[in-house]
Amino acid sequence: MEYISSRGQGKAVVGSKAILEGLAADGGLYVPKALPSLGNLKDILTLNYRQLAVKILCKFFPNLPREKLEEAVEKAYKESFEEEEIIKIKKSLGVSFLELYHGPTLAFKDMALALLPYLIRIAKDVEGLDKEILILTATSGDTGKAALNAFADETDTKIVVYYPEDGVSQVQKLQMKTQEGDNTLVVGVRGNFDHAQTGVKSISNDKFFNEFLKDKDYQMSSANSINVARLVPQTIYYIYAYMEMVRQGEIELGELINISVPTGNFGNILAAFYAKEMGLPLGKLICASNDNNVLTEFFQEKNYNIRQELICTSSPSMDILISSNLERLLYYLSDGDQIQVREKMLALERDGKYEMAGINLSDFYGGFADERMVSQSIRELYQEGNYLVDPHTAVAYGVYKEYKEEWSDDKKTLIVSTASPFKFAGKVASSIGLNIEGMEEFAILESLAHNTGLQLPANIDLLRGKPIRHNKVVDRQNMMEEILNFL
Ligand SMILES: *Cc1c(COP(=O)(O)O)cnc(C)c1O
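Numbering (the numbering used here), first residue to last: 670 to 1156.
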């Protein structure tokens, strides 16, 4: 199992190296040269989440010792997840919802990020690397907190997170600004997520900065989904959820199901594509976007065009125009044509668009939900299905319904539920008809809990008393200065 850059100019590397480096040296993303096979599905039907996780990790990272991976999975998913149930599947209005938000920061990013510090530690051991690790991350809201939570107080590691000052929810912001741990730095950026992400990219490529890191003996890595160590753990829950639906009698083993994924950086849905390629019986992969609907155009017309303003929506973790992981999909769909992938990525940087005429996109359906559809979906699921979802999940539900109608496809469908509704209380409360005008965030949270009879998650309640530890907000051109001071 080797990893190569999607743009094809570097050498193939082993898993441990791909994990430590994050981004390949030519600016491309590491992809496994060939995806492993799941083998006989009957053999994984009886595995619990942790056993399955170890099995999949071993397939992707054969050069990491199995006992270490077992230990990592045990620790990552034990301490902060709700008991045995790492994920939950709930049924409402005829569809199944895969709840991935029962980790410490209440969004699906925990599923992979809880494991990442352990994978990095094991990779460091394997490589014999004794440098300090610098994790540099741009966040649209949830990656930041999940990464901070995972890496806080980790030895020989520093973590720096940039978030768009006006592009995250109140709870997301508070979660990050109250982060403890002397090895953490959180900085707001005046601008949107694409600005923060582009800023982080240019810091990573900056010559002076790289000399500085070399002098100080740091190895830079990434907690964003450009890192394969983010992607691989995300394949596990698709496989597990499918098997769970079989065990519950919802489907027969081998029956095709559709999956609808609320999509931003294209990491989560790419993991579903990986699972399908590995042999999981999946039908359509429904790529659900919000008003930032560049991916919808891509799947409908094979055109990727980011020449538009980024819109701030009620699903901020999907307010993205440059979906990094789409590059990996292009690699597979062009049959590993790395030269073509490199050309398209350069065109995107230069012209803000590219066309990919010759590829077959039939695994996917692309659609988007505007704010009205999001509110309507939240309301419908709550009033008719007695089920409360967050705005991201509502996007996936809205687009699923549109797909079903358009294609008359009655396959069982799994909607990926990516965050607790309490992380986005304002939109959720107003969608179900609560009057929240003029109320401050914690009053809205209480009103939402009171009116729905649901419990306010403890990790949100706790934020009330926590002191603010990070208060910096900078212009885009001053992002690097903050790290230099910190290091
Ligand atoms: C990150 C995130 C998404 C988008 O996932 P990608 O892997 O970036 O496509 C959707 N919903 C929530 C709540 C998220 O945090």
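Glycine included, every Cβ here is placed at the ideal spot set by N, Cα and C. Being a predicted model, the structure only gives us computed values, none of them experimental.
query                                                                                                                 : result
Cβ separation of D762 and G1054, assumed to be a contact under 8 angstroms, to the nearest whole Å                    : Here the sequence assigns Leu to residue 762, which means Asp is not the residue at that position. About 4 angstroms separates the two Cβ atoms, so the contact holds.
Pairwise C-alpha distance: N879 and V1097                                                                             : 44 angstroms
Cβ distance (whole Å) where N959 is taken to contact S993 below 8 angstroms                                           : Not confirmed; about 17 angstroms, so no contact.
For V764, three-class secondary structure by DSSP                                                                     : strand
C-alpha gap between L1131 and T1087, whole angstroms                                                                  : 21 angstroms
Cβ-heavy atom distance, L811 to ligand 1, below 7 angstroms                                                           : In the sequence on display, residue 811 carries Asp and not Leu. Indeed, a heavy atom of ligand 1 lies less than 7 angstroms from the Cβ.
As assigned by DSSP and simplified to three states, the class of S809                                                 : coil
Through-space distance from Q844 to P833, alpha-carbon basis                                                          : 14 angstroms
Residues near S891 in its chain [Cβ-Cβ closer than 6 angstroms; skip 5 each side]                                     : G691
Assigned exposure category for K1070 - 16 Cβ within 10 Å defines buried                                               : buried
6 angstroms CB neighbourhood of G868 in its chain, flanking five on each side removed                                 : R1145 and M1148
Distance between Y672 and K680 (C-alpha atoms, nearest Å)                                                             : 9 angstroms
G708 in three-state terms, based on DSSP                                                                              : coil
Simplified DSSP state of F1033, which is helix, strand or coil                                                        : strand
With 16 other Cβ atoms within 10 Å as the buried cut-off, status of K883                                              : exposed
For L900 and I789, believed in contact at Cβ under 8 angstroms, the rounded distance                                  : In fact, because the Cβ distance is near 15 angstroms, the residues do not count as touching under 8 angstroms.
Check: S891 C-beta below 7 angstroms from any heavy atom of ligand 1                                                  : no
Option nearest S674 by Cα separation, candidates V682, Y699, G684 and V683                                            : Y699
Simplified DSSP assignment, three categories, for I975                                                                : coil
Cα-Cα separation, E1049 to N934                                                                                       : 27 angstroms
Own chain partners of I713 with C-beta closer than 8 angstroms, once the 5 adjacent residues on each side are dropped : L707, L721, K724, I908 and M912
Neighbourhood of T1121 by C-beta, 8 angstroms cutoff - its chain only, sequence neighbours within 5 removed           : Y1051, L1057 and I1101
Counterpart residues of V855 in DSSP-defined beta bridges                                                             : V830
Of the listed residues L939, S1116 and E1150, nearest to P902 (C-alpha basis)                                         : L939
Selected residue, minimal CA-CA separation from P701, among Y1000, L775 and D835                                      : Y1000
8 angstroms Cβ cutoff met for L775 and N1128                                                                          : yes
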